[in-house]
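Quick note on my numbering: the sequence shown kicks off at 5 and runs consecutively. For reference, the structure is listed below as structure tokens.
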Amino acid sequence: MNRCVNKLCPDIIDPEIKAEDAVEYIFKKSSEVYEMPEHYTIKGVNILGEAPLYVGLLKKKKEILFYFKKPCFGTMLLKTKGSDEEFEKIREQGKLVPEAGKK
């Protein structure tokens with residue numbers, strides 16, 4: 005399993021953020037938010053983070069918003085381009101959080 009988040013070519017929104025602040029940002033900015041199972045992968049990269057792990061979908065921009073705990077560096081808030089297939093995978097494997105955008 006690949007753990008190198010750099011392979012996603014993500015945009016870094018915040019290079020040093022607390023997990024709680026990242027979750028709050030994801031809830032505020034995303035069209036849909038999903039609680040993902042442990043060891044979830046985006047485009048083949050295992051997403052490391054503190055459970056529960058939340059992933060946000062930015063539907064209009066076709067982007068995925070998530071946080072990643074990089075060993076020895078800390079937690080980063082990132083976004084990457086998504087595809088219809090990746091959005092469907094998130095919807096199938098994740099649990100929709102109905103409060104998204106309300107925090």
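Note that CB positions come from ideal geometry on N, CA and C, so glycine has one too. These numbers come from a predicted model, not from an experiment.
Residue i to residue j span [Cα, whole Å]
i: LEU100; j: VAL59; result: 10 angstroms
i: LEU57; j: LYS64; result: 22 angstroms
i: ILE68; j: MET40; result: 13 angstroms
i: PRO75; j: PRO19; result: 13 angstroms
i: THR84; j: PRO102; result: 23 angstroms
i: ILE46; j: VAL27; result: 17 angstroms
i: LYS32; j: ASP25; result: 11 angstroms
Cβ separation of residue i and residue j, assumed to be a contact under 8 angstroms, to the nearest whole Å
i: SER35; j: LEU62; result: 6 angstroms
Beta-carbon proximity check, residue i vs residue j, cutoff 9 angstroms
i: MET80; j: ILE30; result: no
i: LYS22; j: LEU52; result: no
Per DSSP, the bridge partner or partners of residue i
i: VAL59; result: TYR38 and PHE70
i: LEU81; result: ASP18 and TYR71
i: LEU100; result: TYR38
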